[in-house]
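Worksheet for the structure shown next.
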Amino acid sequence: MTTAKHKLRIERVFDAPRELVWEAWTKPGLVMQWWGPNYFTSPACKIDLRVGGKFSYCMRGPDGTDYWNGGIYREIDPFKKIVCSIWFSNEHGDVVDPSSFGFNPAFPKEQHQTVTFEDLGERTKLTIDYEVESDEVMEIIRQIQMKEGWETSFDKFARVLAHQKEADIGEESAI
Numbered sequence: 001m002t003t004a005k006h007k008l009r010i011e012r013v014f015d016a017p018r019e020l021v022w023e024a025w026t027k028p029g030l031v032m033q034w035w036g037p038n039y040f041t042s043p044a045c046k047i048d049l050r051v052g053g054k055f056s057y058c059m060r061g062p063d064g065t066d067y068w069n070g071g072i073y074r075e076i077d078p079f080k081k082i083v084c085s086i087w088f089s090n091e092h093g094d095v096v097d098p099s100s101f102g103f104n105p106a107f108p109k110e111q112h113q114t115v116t117f118e119d120l121g122e123r124t125k126l127t128i129d130y131e132v133e134s135d136e137v138m139e140i141i142r143q144i145q146m147k148e149g150w151e152t153s154f155d156k157f158a159r160v161l162a163h164q165k166e167a168d169i170g171e172e173s174a175i
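First residue of the sequence shown? That's 1 in the numbering used here, and the numbers climb one at a time after it.
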């Protein structure tokens, strides 16, 4: 196995407790509210949250094109960390060559992603690390603005968390 030359890190602190951030990351109905950059929607999401379990997310572009991602969970430490393999896929989760979506042929067919959830009390630091094997792939990631896409997804994620917090407060006041 090739050792990663680079690590792409994307992180943000959210104004929500870790349990709520975990839930928004792992519950299909919530993921569909934030998955994908601005102007993208998510019409489908399946999550089998267990080691060896598969996931499949669809993101629909403004032009109506569906982009599917699939993967397998490799490690799960509830509320703390998720390690998975992730790839472009069809609606069944089968690996699809990224070049079929117009990506550079050097873009990897499979990526390794580690997501950590750091408890900061009423706030949570969410960090996503990707292992990147070559300078060429790192340049492709810069060109496709993967980090910027995640930033806009995180904006949507923050709105989902705010809505969930409001719903939780509403439930508490009704008691």
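Ideal Cβ positions, reconstructed from N, Cα and C, are used throughout, including at glycine.
Selection from the options that minimises the alpha carbon distance to residue i
i	options	result
residue 100	62, 67, 120 and 71	67
residue 90	53, 154, 79 and 46	46
residue 84	44, 53 and 102	53
residue 42	48, 116 and 62	62
residue 122	64, 107, 165 and 31	165
residue 142	65, 24, 103 and 25	103
residue 94	114, 72, 107 and 113	72
residue 179	109, 78 and 107	Outside the modelled stretch of the chain, which goes from 1 to 175, sits residue 179, for which no answer is possible.
Bridge-paired residues (DSSP) for residue i
i	result
residue 162	Per DSSP, none; premise fails for residue 162.
residue 129	9 and 114
Residue i, buried or exposed, once every other Cβ within 10 Å from all chains shown has been counted against 16
i	result
residue 18	buried
residue 92	exposed
residue 105	exposed
residue 16	buried
residue 13	exposed
residue 167	exposed
Beta-carbon proximity check, residue i vs residue j, cutoff 8 angstroms
i	j	result
residue 57	residue 38	no
residue 111	residue 87	yes
residue 27	residue 132	no
residue 118	residue 125	yes
residue 242	residue 80	Within the shown structure, residues of the chain are numbered from 1 to 175, placing residue 242 beyond reach of any answer.
residue 55	residue 48	yes
residue 10	residue 147	yes
residue 97	residue 114	no
Supposed contact pair residue j and residue i - C-beta distance, whole angstroms, cut 8 angstroms
i	j	result
residue 50	residue 76	7 angstroms
residue 34	residue 59	Between residue 59 and residue 34 the Cβ distance is about 10 angstroms, and since that is not below 8 angstroms, they are no contact.
residue 20	residue 120	Their Cβ separation, rounded to whole angstroms, is 13 angstroms, which puts residue 20 and residue 120 out of contact at 8 angstroms.
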